[in-house]
Amino acid sequence: MISENTRFHWYIGPVCDRLPAASLRQLAQEAARARGDGGNEAADEVIAYVSAHQPGALTAQLRALWDIRPNRHSYYASWPWRAADDAEVARLLEVAGDPSGPDAGFAVRCLQETRRPEVLARLPAGHGQLAGVGFGRDGDGGLRRLHATAVWHLAFPQEILDQWASRNPLRRRQPSWPVNAGSGRQHLTSGFLDRTCPACGHRLHRLLRLDPVPAGLGITSRARVEFAWCPLCGTFPEAGYARHTQDGTPEPLAHRPRSDRYREPGPAEDWFIPQTPVELVRLDERWRRQDWALSNDRENLHRAGGDTDRRRDRGEHHAEQHRKAEAVDYPRHHVARLVVGA
Ligand SMILES: [Zn+2]
Numbered sequence: 003m004i005s006e007n008t009r010f011h012w013y014i015g016p017v018c019d020r021l022p023a024a025s026l027r028q029l030a031q032e033a034a035r036a037r038g039d040g041g042n043e044a045a046d047e048v049i050a051y052v053s054a055h056q057p058g059a060l061t062a063q064l065r066a067l068w069d070i071r072p073n074r075h076s077y078y079a080s081w082p083w084r085a086a087d088d089a090e091v092a093r094l095l096e097v098a099g100d101p102s103g104p105d106a107g108f109a110v111r112c113l114q115e116t117r118r119p120e121v122l123a124r125l126p127a128g129h130g131q132l133a134g135v136g137f138g139r140d141g142d143g144g145l146r147r148l149h150a151t152a153v154w155h156l157a158f159p160q161e162i163l164d165q166w167a168s169r170n171p172l173r174r175r176q177p178s179w180p181v182n183a184g185s186g187r188q189h190l191t192s193g194f195l196d197r198t199c200p201a202c203g204h205r206l207h208r209l210l211r212l213d214p215v216p217a218g219l220g221i222t223s224r225a226r227v228e229f230a231w232c233p234l235c236g237t238f239p240e241a242g243y244a245r246h247t248q249d250g251t252p253e254p255l256a257h258r259p260r261s262d263r264y265r266e267p268g269p270a271e272d273w274f275i276p277q278t279p280v281e282l283v284r285l286d287e288r289w290r291r292q293d294w295a296l297s298n299d300r301e302n303l304h305r306a307g308g309d310t311d312r313r314r315d316r317g318e319h320h321a322e323q324h325r326k327a328e329a330v331d332y333p334r335h336h337v338a339r340l341v342v343g344a
């Protein structure tokens, strides 16, 4: 599959989605071997997928991958090191310890991806870099995790899933899309709030209403909470609603007026699904970490808790470029980003 189709790889993600863990591990090893023989885009694709969804399958290959450096120019080049073992961490710390060395910067990125507090504590990471891997610093300088490690995926009613799958067949029976059978606690997504955006006056769109807030999500100061965003201002910091009153009503994080640069030519509301009941479902370990770009519009990225998506932190460039696509099936990342330290 890998060695015979080195330049033809659209099918890799959908196949990997459906492979059991043991088979995915085997495929990862084959990919690492094939990549050692030279350029191979199919192998790169497998390595990227596995680095997001089952990084432990690459632990034994890391020393070889260090020399090969697959996906070298992508932001996920360092992700295979998410499951680096102690020996590899020690080696990376040594490389990172000589700031003038050619690989020091990459070694730091790899070490950050381990997301292990005792490793991060040994790095000269700035605030932004720490936040990118889900940590911040307390007043006394100690490391603090910014989000719940557990992830809940939103389960939508079958008719909504069918509607989306008709537009994107690769979503059909893709395992990260649980169905809301109506038997569990119902929360609410989409629809509009009876509130307007302070920056532009547009009515606010609901991301998710948690009523009550489930235990384990890391939200302890509010019994209910509602997340919202402005379809015109998008996801920029000036339009983020990550602050909440005592009764859980969203309040803007800041009141800076938005720039006209981001004004959409027309409202995106036509694309939104109506107000819809959803359940929160725990999926297996494979879906704990996901990436917006690597998911390639197949995976369910409507989720609460878990790691932040580094790509979103890269800001305006990508956000502007992809905002329209997000609106198609309702803005899906915001929940993951907003349910952080609330
Ligand atoms: Zn607005």
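Residues in the sequence shown are numbered consecutively from 3, following my numbering.
Quick reminder that beta carbons are idealized off the backbone N, C-alpha and C, glycines included.
Only a predicted model underlies this, so the values are computations on that prediction, with no experimental measurement involved.
| Query | Result |
| --- | --- |
| Note the first and the last residue of the continuous alpha helix (DSSP H) segment covering residue 55. | 43-55 |
| Between the C-alpha atoms of residue 225 and residue 282, what's the straight-line distance to the nearest angstrom? | 16 Å |
| Ends of the beta strand (DSSP E) at residue 86? | Taken as a continuous stretch (DSSP letters only), residue 86 belongs to no beta strand (DSSP E), as it is neither H nor E. |
| Return yes when at least one heavy atom of ligand 1 lies under 6 Å from the C-beta of residue 145, else no. | no |
| Which residue marks the beginning of the alpha helix (DSSP H) containing residue 106, and which one marks its end? | 106-115 |
| Give the secondary structure of residue 307 by DSSP, where H, G and I count as helix, E and B as strand, and everything else as coil. | strand |
| Among 70, 63, 43 and 81, which residue has its Cα nearest to the Cα of residue 53? | 81 |
| Would you check if the distance between the CB atom of residue 306 and the CB atom of residue 154 is smaller than 7 Å? | yes |
| Answer with buried or exposed for residue 134, where buried requires no fewer than 16 other C-beta atoms within 10 angstroms of its C-beta. | buried |
| What does the shell around ligand 1 hold, if a residue joins when its beta-carbon is under 5 Å from any heavy atom? | 199, 201, 202, 204, 232, 234 and 235 |
| Which same chain residues end up closer than 6 Å to residue 152 when comparing Cβ atoms and leaving out the 5 residues on each side of it in sequence? | 218 and 307 |
| Provide the residue span of the alpha helix (DSSP H) that contains residue 29, from first to last. | 23-38 |
| Between which two residues does the alpha helix (DSSP H) containing residue 167 stretch? | 160-169 |
| Taking buried to mean at least 16 other C-beta atoms within 10 Å of its own C-beta, is residue 72 buried or exposed? | buried |
| Give me the residue from 223, 189 and 122 with the minimum Cα distance to residue 247. | 223 |
| Quick check on residue 14: does DSSP put it in helix, strand or coil? | helix |
| Following the continuous alpha helix (DSSP H) through residue 121, name the residue where it begins and the one where it ends. | 119-122 |
| Run the CB neighbour count on residue 40, radius 10 Å, all protein chains shown included, and call it buried at 16 or more, exposed below. | exposed |
| Taking the alpha-carbon positions, what's the residue 228 to residue 214 distance? | 10 Å |
| Name the DSSP bridge partner or partners of residue 139? | 145 |
| Counting only the same chain and skipping the five closest in sequence on each side, list residues whose C-beta sits under 7 Å from that of residue 115. | 80, 81, 83, 84 and 135 |
| Answer yes or no: do residue 192 and residue 274 have a C-beta to C-beta separation smaller than 7 Å? | yes |
| What are the start and end residues of the alpha helix (DSSP H) that includes residue 296? | 294-297 |
| Does the stretch 167-179 come within contact of the stretch 194-212, defined as at least 3 CB pairs closer than 8 Å? | no |
| Evaluate residue 37 with the Cβ neighbour count: other Cβ atoms within 10 Å of its Cβ, from every protein chain shown; 16 or more gives buried, anything less gives exposed. | buried |
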